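Q:
Number of protein chains: 2
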Amino acid sequence: MRDLNEFTITAEVLRRIENTPDPRLHEILASAIRHLHDFARETKLTEAEWMEGIKFLTRTGHMCSDVRQEFVLLSDTLGLSMLVVAQNHSRPAEATEQTVFGPFHVEGAPVLATHGSNLARGVEGEPLFVRAEVVSPDGPVADAVVDVWQADAEGFYDVQSPDWSLDEAALRGVFHTDAAGRFSFRSILPKSYPIPSDGTVGEMLDATRLHPMRPAHMHYRIAKPGFDPLITHVFVDGDEYLDSDSVFGVRGSCVGQFVRHEPGVAPTGETVEVPFHTLDYRFVLHPRDQAANS
Amino acid sequence: MRDLNEFTITAEVLRRIENTPDPRLHEILASAIRHLHDFARETKLTEAEWMEGIKFLTRTGHMCSDVRQEFVLLSDTLGLSMLVVAQNHSRPAEATEQTVFGPFHVEGAPVLATHGSNLARGVEGEPLFVRAEVVSPDGPVADAVVDVWQADAEGFYDVQSPDWSLDEAALRGVFHTDAAGRFSFRSILPKSYPIPSDGTVGEMLDATRLHPMRPAHMHYRIAKPGFDPLITHVFVDGDEYLDSDSVFGVRGSCVGQFVRHEPGVAPTGETVEVPFHTLDYRFVLHPRDQAANS
């Protein structure tokens, strides 16, 4: 086809990719082409604007490294990540809801004792004592694998340190629930923090007058054969950013009660000399056979 | 807003960017967000597929360097570049049409004599003698600046050589039209060639069973105060890829007659010992005051 114009070109591009062997790739690519073309027509995009877009994508790619994923941040801040999570994890009302995975999980974090461990591993912050249980509609879930990770009091994850190694993992660890589905540990109170804003996503946030803040939260990934894997956050109730999370990830059902206590005896029986916090939380898994039908 | 689902999240993202100071940026970004979200919903994109997309974009960014622009290639092969060109350059029937600029133009190419120059500068190929004129509806356009660039007989532009410098420019140059709007030069016959396919665009072409070929062509950029600048190609009539150009750039009005001749006397008066080709071509500029009204 010659002499394609801005209206006829879309059908020709779609015709050209008709022989794509993988039907799902064909479906995704055809949809992407239609929306990309519609976007350019709708905005009557100019060549200069299109070149600005090319340069933005190029700089975004150049920011990406083994420890930085700027396209994930971009997807997160455009609401795309949470949209994809939401449409793939509709759950019954009683099951704990899924939210964005984020870029800071690490496979292979240290396995910690089910009760009595200190997740903070020496990192400073306001003491927090977590007592949690994992249940299903049929009762406690024993021996579930619970992966926990959180930022420090300045809002940084350990992996953001340039010379980090897994041997120095802090504020992350793996627990196995006991026979009653329980686990508990000591940590520090999570704080709200900005997503990295020294890259192209930071440029976009500036240009759109958006703040980069996420409300304080802890990440949990819980797996047990026979249950739909759960990736979620527990957010700190009362946080000022709960309604303006920069990555749109807040679920009302995932807000936890972090209760402040004056210095005294902690749930572990130890005496704490400073104010401390407690969190009691129940995670409800969704049995996989039900998950398959939902 | 908490508890956004895959349907409510779009309105919330759009609400958040309402304070964007630049109205055009706001318009473009809002359209991009709507189409990005619609794409994800329409395909019911999964988290694994979304991660494949993130990785594809990241690899595309990592391919980009000072001499390689993989996002431009991607835009070209998805038909987006030609769509943007088309919608920004509607021209009256008599004016030469615009097509894609491509990634291989270089500013500052050597200025050559209006007649009698050899663009090939020693590069091997079948001899070509070009006689061209630049006109407008009002007659010849004298002293127009004509920038010409083309690939060699193997399909490579000089800038694709790793140690290229402007001093060694070949198959590119700048002419100034004479009082009759004419210029002429010797070169070599352009050949069809593949766009670079060793990157992510190559992956996409493979996966969709598309060929990377462009029909043989020469690039022209023609500028003269008072006229709409023209960026176009002259394609070789009869080329087997004219109807399947990998970047969708062919305009019927931009196909030229490259006429083959047996060895003998060339248009320049010189005797050529091998078969040679001639191209006679007329470029029609669009006066700028008309352009502003079109």
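Order-wise, the sequence lines are chains A and B. Be aware that the first sequence starts at 1, since it is given in my numbering, and climbs by one per residue. Be aware that the second sequence starts at 295, since it is given in my numbering, and climbs by one per residue. In this text, a Cβ means the ideal position worked out from N, Cα and C, and glycines have one as well. The structure displayed is predicted, hence computed values, not measured ones.
1. Per DSSP, what are the beta-bridge partners of Ala132 (chain A) in this structure?
2. Do we get a CB-CB distance below 8 Å when we pair Glu300 (chain B) with the residues of chain A?
3. Secondary structure at Arg288 (chain A), three-state DSSP: helix, strand or coil?
4. Asn5 (chain A) by DSSP, collapsed to three states: which one?
5. What span of residues does the alpha helix (DSSP H) with Trp344 (chain B) cover, start to end?
6. Going by beta-carbon coordinates alone, are Pro142 (chain A) and Asp178 (chain A) separated by less than 8 Å?
7. Would you tell me roughly how many angstroms separate the C-alpha atoms of Arg282 (chain A) and Ala132 (chain A), rounded to the nearest one?
8. With C-beta atoms as the reference, is Asp332 (chain B) less than 8 Å away from His35 (chain A)?
9. Considering only residues of the same chain and omitting the five flanking positions on each side of Gly256 (chain A), which have a CB-CB separation below 6 Å?
10. Would you identify the three-state DSSP class for Asp66 (chain A), choosing helix, strand or coil?
11. Which residue's Cα is closest to the Cα of Thr371 (chain B): B:Pro488, B:Ala510, B:Glu391, B:Leu483?
12. Name the chain A residues whose beta carbon is nearer than 7 Å to that of Phe333 (chain B)?
13. Consider the Cβ of Asp492 (chain B): report whether some Cβ of chain A lies at a distance smaller than 8 Å.
14. Are there 16 or more other CB atoms within 10 angstroms of the CB of Ala387 (chain B), so buried, or fewer, so exposed?
15. Taking the beta carbon of Pro225 (chain A) as the centre, do at least 16 other beta carbons fall within 10 Å, making it buried, or is it exposed?
16. Check whether the Cβ atoms of Leu74 (chain A) and Thr58 (chain A) sit closer than 8 Å, and answer yes or no.
17. Given a cut-off of 8 Å, decide if Pro434 (chain B) and Ala474 (chain B) are closer than it, judged by their beta-carbon atoms.
18. Give the secondary structure of Pro317 (chain B) by DSSP, where H, G and I count as helix, E and B as strand, and everything else as coil.
19. Taking any Cβ of chain B, which residues in the segment 54 to 68 of chain A have a Cβ under 9 Å from it, in chain order?
20. Can you tell me the Cβ-Cβ gap for Phe134 (chain A) and Ile231 (chain A), rounded? I've got them flagged as a contact below 8 Å.
21. Closest Cβ-Cβ distance between Asn382 (chain B) and chain A: below 8 Å?
22. Runs of 3 residues minimum, wholly inside the segment 436 to 523 of chain B: which ones carry the beta strand (DSSP E) assignment?
23. Between B:Glu306, B:Phe552, B:Gly532, B:Glu418, which lies nearest to Ala447 (chain B) when the distance is taken from Cα to Cα?
24. Quick one, which residues of the segment 200 to 211 of chain A are near chain B if we go by CB-CB under 9 Å, in chain order?
25. Should Arg545 (chain B) and Arg2 (chain A) be called a contact, given that it needs their Cβ atoms to be closer than 8 Å?
26. What does the Cβ neighbour count give for Asp66 (chain A), buried or exposed, with the cut at 16 atoms within 10 Å?
27. Run down chain A in chain order and give the residues with a C-beta less than 7 Å from the C-beta of Phe365 (chain B).
28. List, in order along the chain, the chain B residues whose C-beta lies closer than 8 Å to that of Ser75 (chain A)?
29. Check the Cβ-Cβ distances between Leu422 (chain B) and every residue of chain A, and say whether any is below 8 Å.
30. How about Thr200 (chain A) and Leu323 (chain B): do their beta carbons lie closer than 8 Å?
31. Counting only C-beta atoms, is Val379 (chain B) closer than 8 Å to chain A at any point?
32. How many Å lie between Glu564 (chain B) and Val13 (chain A) at the Cα?
33. Less than 8 Å between CB atoms is the rule here; does Asp574 (chain B) satisfy it with respect to chain A?
34. For the alpha helix (DSSP H) that Val379 (chain B) lies in, which residues bound it at each end?
A: In short, the structure shows the following:
1. Locating residue 132 (chain A) in the first sequence gives position 132, counting from the first residue. Paired residues: A:Phe183, A:Tyr281.
2. Stepping through the second sequence from its first residue, residue 300 (chain B) is reached at position 6. Output row for Glu300 (chain B): interface = yes.
3. For this step, residue 288 (chain A) is matched to residue 288 along the first sequence. In the structure shown, Arg288 (chain A) sits in a helix (DSSP, three-state: H, G or I).
4. Within the first sequence, numbered from 1, the residue matching residue 5 (chain A) stands at position 5. Note: Asn5 (chain A) maps to coil in three-state DSSP.
5. Taking the first residue of the second sequence as 1, we reach residue 344 (chain B) at position 50. Unbroken alpha helix (DSSP H) run through Trp344 (chain B): 341 to 357.
6. In the first sequence, residue 142 (chain A) corresponds to position 142, counting from 1. In the first sequence, residue 178 (chain A) corresponds to position 178, counting from 1. It is Ala, not Pro, that sits at residue 142 (chain A) in the sequence shown. The answer is yes: Cβ separation under 8 Å.
7. Within the first sequence, residue 282 (chain A) is the residue found at index 282, counting from 1. Within the first sequence, residue 132 (chain A) is the residue found at index 132, counting from 1. For Arg282 (chain A) and Ala132 (chain A), the distance between alpha carbons rounds to 6 Å.
8. Here the question's residue 332 (chain B) lines up with position 38 in the second sequence. Here the question's residue 35 (chain A) lines up with position 35 in the first sequence. Result yes, Cβ atoms of Asp332 (chain B) and His35 (chain A) sit closer than 8 Å.
9. Start at 1 with the first residue of the first sequence, and residue 256 (chain A) comes out as number 256. Within the same chain, Gly256 (chain A) has close Cβ partners Val234, Leu279, Tyr281.
10. Locating residue 66 (chain A) in the first sequence gives position 66, where the first residue counts as 1. Note: Asp66 (chain A) maps to coil in three-state DSSP.
11. The residue labelled residue 371 (chain B) in the question sits at position 77 within the second sequence. Ranking the options by Cα distance to Thr371 (chain B), first place goes to B:Pro488.
12. If you number the second sequence from 1, residue 333 (chain B) lands on position 39. Near Phe333 (chain B) (Cβ distances below 7 Å), the residues of chain A are Ser31, Ala32, His35.
13. Within the second sequence, the letter at position 198 stands for residue 492 (chain B). Asp492 (chain B) does not count as touching chain A.
14. Translated into the one-based positions of the second sequence, residue 387 (chain B) becomes position 93. Result: exposed.
15. For the purposes of this step, residue 225 (chain A) is taken as the residue at position 225 of the first sequence. The residue is exposed, with fewer than 16 neighbouring Cβ atoms inside 10 Å.
16. Counted from its first residue, the first sequence places residue 74 (chain A) at position 74. Counted from its first residue, the first sequence places residue 58 (chain A) at position 58. Result no, Cβ atoms of Leu74 (chain A) and Thr58 (chain A) do not sit closer than 8 Å.
17. Here the question's residue 474 (chain B) lines up with position 180 in the second sequence. Here the question's residue 434 (chain B) lines up with position 140 in the second sequence. Result yes, Cβ atoms of Ala474 (chain B) and Pro434 (chain B) sit closer than 8 Å.
18. Position 23 of the second sequence, counted from the start, is the residue given in the question as residue 317 (chain B). If DSSP states are grouped into helix, strand and coil, Pro317 (chain B) belongs with the helices.
19. Ile54, Lys55, Leu57, Thr58, Arg59, Thr60, Gly61, His62, Met63, Cys64
20. Here residue 134 (chain A) is taken as the residue at index 134 of the first sequence, counted from 1. Here residue 231 (chain A) is taken as the residue at index 231 of the first sequence, counted from 1. Going by the sequence as given, residue 134 (chain A) is Val instead of Phe. At roughly 14 Å, the Cβ-Cβ gap does not stay under 8 Å, so Val134 (chain A) and Ile231 (chain A) are not in contact.
21. Here residue 382 (chain B) corresponds to residue number 88 of the second sequence, with the count starting at 1. It does: the Cβ of Asn382 (chain B) has a partner Cβ on chain A nearer than 8 Å.
22. 439 to 443, 466 to 470, 476 to 482, 511 to 517
23. Taking the second sequence and counting its residues from 1, the one referred to as residue 447 (chain B) is at position 153. Nearest C-alpha to Ala447 (chain B): B:Glu418.
24. Met204, Ala207, Thr208, Arg209, Leu210
25. Here residue 545 (chain B) corresponds to residue number 251 of the second sequence, with the count starting at 1. Here residue 2 (chain A) corresponds to residue number 2 of the first sequence, with the count starting at 1. Cβ distance < 8 Å, so Arg545 (chain B) and Arg2 (chain A) count as in contact.
26. As a working mapping, residue 66 (chain A) is identified with position 66 in the first sequence. With fewer than 16 other Cβ atoms within 10 Å, it is exposed.
27. In the second sequence, counting from the first residue as 1, residue 365 (chain B) sits at position 71. Ordered by position in chain A, the residues that pass the 7 Å Cβ test against Phe365 (chain B) are Ile54, Leu57, Thr58.
28. On the first sequence, position 75 is the one that residue 75 (chain A) refers to. Within chain B, the residues near Ser75 (chain A) are Trp344, Ile348.
29. Residue numbering aside, residue 422 (chain B) sits at position 128 when the second sequence is read from its first letter. It does not: the Cβ of Leu422 (chain B) has no partner Cβ on chain A nearer than 8 Å.
30. Along the first sequence, one-based indexing puts residue 200 (chain A) at 200. Along the second sequence, one-based indexing puts residue 323 (chain B) at 29. Contact: no.
31. Counting from 1 along the second sequence, the entry for residue 379 (chain B) is found at position 85. For Val379 (chain B), the answer is yes, since a Cβ of chain A falls inside 8 Å of its Cβ.
32. Stepping through the second sequence from its first residue, residue 564 (chain B) is reached at position 270. Stepping through the first sequence from its first residue, residue 13 (chain A) is reached at position 13. Those two C-alpha atoms are separated by around 46 Å.
33. Against the second sequence, residue 574 (chain B) aligns to sequence position 280. False, the Cβ-Cβ gap to chain A never drops below 8 Å.
34. Locating residue 379 (chain B) in the second sequence gives position 85, where the first residue counts as 1. Unbroken alpha helix (DSSP H) run through Val379 (chain B): 374 to 382.
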